[in-house]
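K.L.:
Could you have a look at this structure, given as structure tokens, before my questions?
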Amino acid sequence: MAMEGIFTGIAASMRELLAGAPPWLENLSMGFLYLVGVLAFIFLNALYLIYLERKISAYMQQRIGPNRLGPHGLLQSVADAVKLLGKEDIIPRGADKWVFLIAPILIFIPATMLYAVIPFGKGMIAADLNIGVFYFLAVASTTTIAILMGGWSSNNKYTLLGSMRSVAQMVSYEIPLTFSVLGVVMLAGSLQTSQIVMAQEKVWYVLLQPVAFIIFFIAATAEVNRAPFDLVEGEQELIAGPYTEYTGMRFALFYSSEYANLVSVSALAVTLFLGGWHGPWLPSWLWFVIKLYIMIFIFMWVRWTFPRIRIDHLLSFNWKVLLPLSLANILVTGVGIKIYQLLTLGRW
Amino acid sequence: MYENIEQLQLFFPEVTIENGIDMTTVNVPVEKLLPVMKQLKDNFGFNYLAGLTAVDYNEEDRIEVAYHLMGIPEAKEIRVKVNLNREKPEVCSVTSIWPAANVQERETYDLLGVIFKGHPNLTRILCPDDMVGHPLRKDFKKEGGE
Amino acid sequence: MAEKNGNLRTEEIQLNMGPQHPSTHGVYRALLTLDGERVVGVENIIGYLHRGIEKLAEDRTYTQFIPYTDRLDYLAGMLNNLGYVQTVEKMMDIEIPERAEYLRVIMAELSRIASHMIMIASMALDVSGWTAWFPPFRERERILDLFEMVCGSRLTLSYMRIGGVANDIPEGFLPNLEKFLNDLPRMIDEVNGLITGNEIFKARCQGVGKLDLDTAIAYGVTGPNLRASGLPFDLRKAKPYGIYDRFEFDVPTLNNGDSYDRFVIRLLEIEQSAKIIRQAISNLPDGPIKAKVPRVIKLPKGEVYHQIEGAKGILGFYLVSDGGTKPYRLHIHSPSFVNLGVLPLISIGETVQDFVVNIASIDIVLGEVDR
Numbered sequence: 066m067a068m069e070g071i072f073t074g075i076a077a078s079m080r081e082l083l084a085g086a087p088p089w090l091e092n093l094s095m096g097f098l099y100l101v102g103v104l105a106f107i108f109l110n111a112l113y114l115i116y117l118e119r120k121i122s123a124y125m126q127q128r129i130g131p132n133r134l135g136p137h138g139l140l141q142s143v144a145d146a147v148k149l150l151g152k153e154d155i156i157p158r159g160a161d162k163w164v165f166l167i168a169p170i171l172i173f174i175p176a177t178m179l180y181a182v183i184p185f186g187k188g189m190i191a192a193d194l195n196i197g198v199f200y201f202l203a204v205a206s207t208t209t210i211a212i213l214m215g216g217w218s219s220n221n222k223y224t225l226l227g228s229m230r231s232v233a234q235m236v237s238y239e240i241p242l243t244f245s246v247l248g249v250v251m252l253a254g255s256l257q258t259s260q261i262v263m264a265q266e267k268v269w270y271v272l273l274q275p276v277a278f279i280i281f282f283i284a285a286t287a288e289v290n291r292a293p294f295d296l297v298e299g300e301q302e303l304i305a306g307p308y309t310e311y312t313g314m315r316f317a318l319f320y321s322s323e324y325a326n327l328v329s330v331s332a333l334a335v336t337l338f339l340g341g342w343h344g345p346w347l348p349s350w351l352w353f354v355i356k357l358y359i360m361i362f363i364f365m366w367v368r369w370t371f372p373r374i375r376i377d378h379l380l381s382f383n384w385k386v387l388l389p390l391s392l393a394n395i396l397v398t399g400v401g402i403k404i405y406q407l408l409t410l411g412r413w
Numbered sequence: 004m005y006e007n008i009e010q011l012q013l014f015f016p017e018v019t020i021e022n023g024i025d026m027t028t029v030n031v032p033v034e035k036l037l038p039v040m041k042q043l044k045d046n047f048g049f050n051y052l053a054g055l056t057a058v059d060y061n062e063e064d065r066i067e068v069a070y071h072l073m074g075i076p077e078a079k080e081i082r083v084k085v086n087l088n089r090e091k092p093e094v095c096s097v098t099s100i101w102p103a104a105n106v107q108e109r110e111t112y113d114l115l116g117v118i119f120k121g122h123p124n125l126t127r128i129l130c131p132d133d134m135v136g137h138p139l140r141k142d143f144k145k146e147g148g149e
Numbered sequence: 224m225a226e227k228n229g230n231l232r233t234e235e236i237q238l239n240m241g242p243q244h245p246s247t248h249g250v251y252r253a254l255l256t257l258d259g260e261r262v263v264g265v266e267n268i269i270g271y272l273h274r275g276i277e278k279l280a281e282d283r284t285y286t287q288f289i290p291y292t293d294r295l296d297y298l299a300g301m302l303n304n305l306g307y308v309q310t311v312e313k314m315m316d317i318e319i320p321e322r323a324e325y326l327r328v329i330m331a332e333l334s335r336i337a338s339h340m341i342m343i344a345s346m347a348l349d350v351s352g353w354t355a356w357f358p359p360f361r362e363r364e365r366i367l368d369l370f371e372m373v374c375g376s377r378l379t380l381s382y383m384r385i386g387g388v389a390n391d392i393p394e395g396f397l398p399n400l401e402k403f404l405n406d407l408p409r410m411i412d413e414v415n416g417l418i419t420g421n422e423i424f425k426a427r428c429q430g431v432g433k434l435d436l437d438t439a440i441a442y443g444v445t446g447p448n449l450r451a452s453g454l455p456f457d458l459r460k461a462k463p464y465g466i467y468d469r470f471e472f473d474v475p476t477l478n479n480g481d482s483y484d485r486f487v488i489r490l491l492e493i494e495q496s497a498k499i500i501r502q503a504i505s506n507l508p509d510g511p512i513k514a515k516v517p518r519v520i521k522l523p524k525g526e527v528y529h530q531i532e533g534a535k536g537i538l539g540f541y542l543v544s545d546g547g548t549k550p551y552r553l554h555i556h557s558p559s560f561v562n563l564g565v566l567p568l569i570s571i572g573e574t575v576q577d578f579v580v581n582i583a584s585i586d587i588v589l590g591e592v593d594r
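Residue numbers (my numbering), protein chains in the order written: chain A, 66 to 413; chain W, 4 to 149; chain F, 224 to 594.
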């Protein structure tokens, strides 16, 4: 199919073009191409998701939402981005200047790196690492450092409280997140994201691992600071959490990195549980995007439905409910696999 | 529990009781205020401090502090008044009887300059801390006023 | 949450919440002392909205002061109007026409509903229940439309007059009001579905900011907050003013005295207010809307204290007259001001998030706190 090959075709023709060049040049230019592709994907998604979030919340709340700029208000996010670019970049007097300046840039690095192991379609993966899932989880957890830097360096008590919450929350929710993924890894027998997708050709893992999927979803919501786990920002208590002192484009970077993270965990959920790019008729990358947006919609739905949880409830829920549940899930999965092997292969 | 407010005079012969337009009014000498209030709360059932304020009668050279008490849930009402020297308006705080008096005494201090002895934190509450004078006194100079 | 063991040294921090803060409901400032996320000290700092209304009253005639009462509890203007004009009337000894009395009740109860709706919406918002904000505000808009029909303004109403009300209700007012009352149960259902029954909301509010009955009375807490602590005390029933003795309604009471009960009781009170309005509509007589009142009102020398059941608690006006055309002294005993005094007590030992819930559930209006 012609549509199927659109993106892989670009990469192939680029390779052809560089056929005679030395290998390092080819690697460098291909890497650059992937980076451009991922960045374009992130920024377009972030812009569009902000619009989508506003529209979805509006319809849930009997409002219309942005509808002035462009058809159905589609250009609203662009206008917001332009406005933020034009804003004064304020650095608080008491701030730790360099840390303050670097934090918003740093937060974008893991957000971009995550996309390297996401298989967007058949053969569309930037770096098919054999420890892809592990890489994803490891890189995702470094986001905390950037948030902590931003919160600490702002020299404001609200940002400090926000970043403290961020550390407590992310460190604890990392564990059930990892354990829930472990069930899938055991079934697929691989940490490589492309292999996991391949293994789901017949049946999606959400059917074999429903508990793991729910745990993953909850932990991922906490991981990306979405309501009801948005304690880090906690607008009603902490104004904007670690981002309180940021203005203009630096604020926008934080803001869009949240959407980038939202997309990346949704993409991971699709890859691990919803069969990745598998699907009939349509091109594989389109299937991926459709599933991705269904996941994102669920995230948004949850956000506009639930109030915010309290910090001590948040932590005790993690340690007392999610963690034992995810451990039990691993146990059940392991026993299940063995029984299956016994039944089909007649051996342990 | 005593029903009739006249019985207050059995305990405190120095108080005078009159009937106002709206409710019974008890005039209490300033030094007897605290025991009278305690009596009203403990034995007459006025458990709720409905209002606490003061009025500046500068021509008569006195400040009158008016306490409005209420009995919950019967909703009976009574007014207790004490007269203070305008130059040195000092009266005992009733915060020990009704904690509700805390903010209201601060407000009365702030706006009228009545000193409530024994108040845990008698500071200005509505006006700025560095303000001079007490706005609800009749001789307070307004800016731009007539 | 601070670790007390080992060599870990912890320190309390002071956090200024307000006067510009998303959930202090106006220019209220709380100086919190925090131990991690836990509140160990609260100091109320108010006065940012102090306009000296009591001093202004001394330079206005009795009629001129009515618009100032709108600016006290600006979410329930009619109730303030009512409290003030009844105070003056108490000293004048005049007969209020029947129709005016009934109109006053309708407007006052509408104001109470509007004020409770704001409380419900903003409390939902303060626990981040964004969507639950909309149904109450949508319906409140209709109350404001009704007010606009009768007196031309939506927030600062100044509808009541000494001796009656300003205008008679226009044509189309009563059908609209009926329609609004019929739609009210739907709004309550929506709120219950969106937030009241939500597990997270319950976890956030139940047992938070517990206020027992004795403390509530000692600290002078009144209104819905007192009734949520278990005492069915409502001035409309206990000491009816105006014509409130003619209506049949219940005084809803809940027993836990926590933030959740303070939220739920407002929903219950909205239903009761609607019940009162329905009775007032069906009994609304024809006739004049304003008694004959002299153009220049002079009150006899004396003093009067009048209390009504405001939206947030007992609202009292202490009026001292020296026999002239202006009040010698007018003191306003506002419920929010007194209720705020109990906030530090119920918040200590809880988290910052609970503190936000407590502010919302106590339901303060800064216009009334600072006056």
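Where a beta carbon is used, it is the ideal one built from N, C-alpha and C, also for glycine.
Looking only at its own chain, which residues have a Cβ that is under 7 Å from the Cβ of F:I236, when we skip the five neighbours before and after it?
P.N.:
Once the five neighbours on either side are set aside, the close Cβ partners of F:I236 are L257.
K.L.:
So F:Y291 and F:L279 are supposed to be a Cβ contact under 8 Å. How far apart are they, rounded?
P.N.:
Contact holds; Cβ gap of about 6 Å.
K.L.:
Take A:S20 as the anchor and find which of A:I115, A:G130 and A:N132 has the nearest alpha-carbon.
P.N.:
Since the first residue of chain A shown is 66 and the last is 413, residue 20 of chain A is not available in this structure.
K.L.:
Specify, as a first and last residue, the run of the alpha helix (DSSP H) that A:Y238 falls within.
P.N.:
Where A:Y238 is concerned, the enclosing alpha helix (DSSP H) stretches over K222 to A253.
K.L.:
For F:V561, would you say it is in contact with chain W, using Cβ-to-Cβ distances shorter than 7 Å as the test?
P.N.:
Yes, F:V561 counts as interfacial toward chain W.
K.L.:
Does A:L256 pass the burial test, meaning 16 or more other C-beta atoms within 10 Å, or should it be called exposed?
P.N.:
The residue is buried, with at least 16 neighbouring Cβ atoms inside 10 Å.
K.L.:
Name the chain A residues whose beta carbon is nearer than 7 Å to that of F:Q576?
P.N.:
Within chain A, the residues near F:Q576 are E302, R375 and I376.
K.L.:
Taking any Cβ of chain F, which residues in the region 70 to 84 of chain W have a Cβ under 7 Å from it, in chain order?
P.N.:
Those would be H71, I75, P76, A78 and R82, in chain order.
K.L.:
Taking only beta-carbon atoms, is F:G572 less than 7 Å away from chain W?
P.N.:
No - not a single Cβ of chain W is within 7 Å of the one on F:G572.
K.L.:
Where do the ends of the alpha helix (DSSP H) carrying W:M73 lie?
P.N.:
Per DSSP, W:M73 belongs to no alpha helix (DSSP H); it is in the beta strand (DSSP E), R65 to G74.
K.L.:
Could you work out which residues of chain A lie near F:R427, taking near to mean beta carbons separated by less than 7 Å?
P.N.:
Within chain A, the residues near F:R427 are P372 and R375.
K.L.:
Between the Cα of A:G216 and those of A:E298, A:I402, A:Y180 and A:R368, spot the shortest distance and give me the residue it belongs to.
P.N.:
Checking every option, the nearest Cα to that of A:G216 belongs to A:E298.
K.L.:
Could one say the Cβ of F:E260 lies closer than 7 Å to chain A's Cβ atoms, at least one of them?
P.N.:
Interface residue, yes.
K.L.:
Please tell me whether F:K462 has its Cβ less than 7 Å away from any Cβ of chain W.
P.N.:
Yes, its Cβ sits closer than 7 Å to a Cβ of chain W.
K.L.:
Give the DSSP-derived three-state secondary structure of W:H137 in the structure shown.
P.N.:
Of the three classes helix, strand and coil, the one that applies to W:H137 here is coil, per DSSP.
K.L.:
According to DSSP, W:C211 sits in a beta bridge with which residue or residues?
P.N.:
Residue 211 of chain W cannot be examined here, being either before or after the span of chain W that is shown, 4 to 149.
K.L.:
Out of curiosity, what's the CA-to-CA distance linking F:M224 and A:A205?
P.N.:
Residue confidence for F:M224 is low, a pLDDT of 44 falling below 50, so the modelled location carries little weight; the figure read from the coordinates is stated next. Cα-Cα distance, rounded: 27 Å.
K.L.:
Going by beta carbon distance, what residues of the same chain come within less than 7 Å of F:S496, once the five residues before and after it are set aside?
P.N.:
Only E332, R335 and I336 meet the Cβ criterion.
K.L.:
Using beta-carbon positions only, say whether A:P307 and A:G227 come within less than 7 Å of one another.
P.N.:
It is a contact, given that the beta carbons lie within the stated cut-off.
K.L.:
Using a Cβ-Cβ cut-off of 6 Å (strictly less than) and excluding sequence neighbours within five positions of W:F47, which residues of its own chain qualify?
P.N.:
Closer than 6 Å at Cβ, skipping near neighbours: Y5.
K.L.:
Under 7 Å, CB to CB, which of the residues in the region 324 to 339 of chain F have a partner in chain A?
P.N.:
Cβ contacts with chain A come from no residue of the region 324 to 339 of chain F.
K.L.:
Would DSSP call A:T398 helix, strand or coil?
P.N.:
Looking at A:T398 - three-state DSSP - the assignment turns out to be helix.
K.L.:
Checking contacts by CB at 7 Å: is A:P169 closer than that to chain F?
P.N.:
No, because no Cβ of chain F sits closer than 7 Å to the Cβ of A:P169.
K.L.:
Taking the C-alpha atoms as reference points, what is the distance between W:N7 and F:I571?
P.N.:
Rounded to whole angstroms, W:N7 to F:I571 spans 41 Å at the Cα level.
K.L.:
Closer than 9 Å, Cβ to any Cβ of chain D: which residues of the region 47 to 61 of chain W, in chain order?
P.N.:
No chain D is part of this structure, whose protein chains are labelled A, W and F.
K.L.:
Where A:M66 and A:V386 are concerned, what is the direct C-alpha to C-alpha distance, given to the nearest angstrom?
P.N.:
Here A:M66 scores only 49 on pLDDT, less than 50, and its place in the model should not be relied on; the value that follows carries that caveat. Their Cα atoms are separated by approximately 47 Å.
K.L.:
Which full runs of the beta strand (DSSP E) of 3+ residues lie inside the region 491 to 539 of chain F, going along the chain?
P.N.:
Complete beta strand (DSSP E) runs here, min 3: 525 to 532.
K.L.:
Could you work out which residue in A:S122, A:S218 and A:K148 is closest to A:I167 when comparing CA atoms only?
P.N.:
Of the candidates A:S122, A:S218 and A:K148, the one whose C-alpha sits nearest the C-alpha of A:I167 is A:S218.
K.L.:
Beta-carbon within less than 6 Å of A:A176's beta-carbon, same chain only, minus the 5 sequence neighbours each way: which residues are those?
P.N.:
Here the set comprises S322, A325 and N326.
K.L.:
Between the alpha carbons of A:T207 and A:V232, how many angstroms are there, rounded?
P.N.:
Taking the straight line joining both Cα atoms gives about 10 Å.
K.L.:
Which residues of chain W have a Cβ atom closer than 9 Å to the Cβ of F:Y442, listed in chain order?
P.N.:
What F:Y442 touches in chain W: W101, P102, A103 and N105.
K.L.:
Please list the terminal residues of the continuous beta strand (DSSP E) segment that includes F:S261.
P.N.:
Reading off the sequence, residue 261 of chain F comes out as Arg, not Ser. Unbroken beta strand (DSSP E) run through F:R261: R261 to I268.
K.L.:
In this structure, how does DSSP classify W:N30 when only helix, strand and coil are distinguished?
P.N.:
W:N30 falls in the strand class under three-state DSSP.
K.L.:
Are there three or more Cβ pairs, one per stretch, closer than 8 Å when the region 504 to 516 of chain F is compared with the region 479 to 488 of chain F?
P.N.:
No, because fewer than three Cβ pairs between the region 504 to 516 of chain F and the region 479 to 488 of chain F fall closer than 8 Å, the two stretches do not touch.
K.L.:
Does any residue of chain F bring its CB to less than 7 Å from the CB of A:K222?
P.N.:
Closer than 7 Å: yes.
K.L.:
Kindly list the residues whose CB is nearer than 7 Å to the CB of A:N290, restricted to its own chain and excluding five residues on each side of it in sequence; keep chain order.
P.N.:
Closer than 7 Å at the Cβ level, and outside the excluded window around A:N290, lie V297, E298 and E323.
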